[in-house]
Amino acid sequence: GILPQKSCRYEPSQTYQHESSKKEQEISMNINFIAMGKLKESWYREACAEYLKRLGAYVTPKVIEPSPVDLPQKPSPAQIEVALRQEAVKIREQIKPGSFTVAMCIEGKTISSEQFSQKLESAAGQGFSTVNFLVGSSFGLDEELKKQADLRLSMSPMTFPHSLARVMLMEQVYRAYSIINNGKYHK
Numbered sequence: 039g040i041l042p043q044k045s046c047r048y049e050p051s052q053t054y055q056h057e058s059s060k061k062e063q064e065i066s067m068n069i070n071f072i073a074m075g076k077l078k079e080s081w082y083r084e085a086c087a088e089y090l091k092r093l094g095a096y097v098t099p100k101v102i103e104p105s106p107v108d109l110p111q112k113p114s115p116a117q118i119e120v121a122l123r124q125e126a127v128k129i130r131e132q133i134k135p136g137s138f139t140v141a142m143c144i145e146g147k148t149i150s151s152e153q154f155s156q157k158l159e160s161a162a163g164q165g166f167s168t169v170n171f172l173v174g175s176s177f178g179l180d181e182e183l184k185k186q187a188d189l190r191l192s193m194s195p196m197t198f199p200h201s202l203a204r205v206m207l208m209e210q211v212y213r214a215y216s217i218i219n220n221g222k223y224h225k
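Each step along the sequence shown adds one to the number in my numbering, with nothing skipped, and position 125 is 163.
Here it is as structure tokens:
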């Protein structure tokens, strides 16, 4: 159905919950979007805020945006590798032990929305109360961090702007929980 209108701004490190759904049921799944850097464009922030608000009907979503490592204009592969390792430290600081972790990366598995919803439902069924989605900087994620993830996921073999990919990820997480809860959003 249509969610009640509620003002909702995109604020990193803030938890979004639907007031009406909180009263109806206890929401036990936490979804953390751990993404390097802030969204600069207002339209991306607004789109993310909308999906976070919608997600609040099903889960407790949170955005965490560690600062990416500054690199020169044309960094060497060695500089990129060092930066990714430093960013991995910042990301790991945000991951609580015992949570299900999804690394977003181009070489990850591509799956349908229905399969994605099954993965999230399976994580809950295995006793995970938190799912972390890791989104790297423009150079991606550290290899070791990707290897440690429970799932490596790719949105598509196509290339998208990082900010748009974040919006798409939030939309797909919302769609997945809509499928799990027999919502009308997914057709």
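For every residue, glycine included, the Cβ atom is placed at its ideal position computed from N, Cα and C.
Counted within 10 angstroms of its Cβ, other Cβ atoms place residue i as buried (16 or more) or exposed
i: M142; result: buried
i: I144; result: exposed
i: S150; result: exposed
i: S160; result: exposed
i: G174; result: buried
Limits of the beta strand (DSSP E) - the one that residue i falls within
i: I102; result: T98 to I102
i: G146; result: F138 to K147
i: F71; result: N68 to A73
i: L122; result: Premise fails: L122 lies in the alpha helix (DSSP H), P115 to R130, not in any beta strand (DSSP E).
Length of the line joining the Cα atoms of residue i and residue j
i: V127; j: N68; result: 21 Å
i: A162; j: E119; result: 34 Å
i: M208; j: L90; result: 7 Å
i: L93; j: R213; result: 9 Å
i: S155; j: S137; result: 17 Å
i: G178; j: A121; result: 10 Å
i: M74; j: Q153; result: 26 Å
i: C86; j: D188; result: 24 Å
According to DSSP, residues forming a beta bridge with residue i
i: S175; result: G178
i: L158; result: Per DSSP, none; premise fails for L158.
i: R190; result: A141
Range of the contiguous alpha helix (DSSP H) that encloses residue i
i: Q210; result: H200 to I218
i: K91; result: S80 to L93
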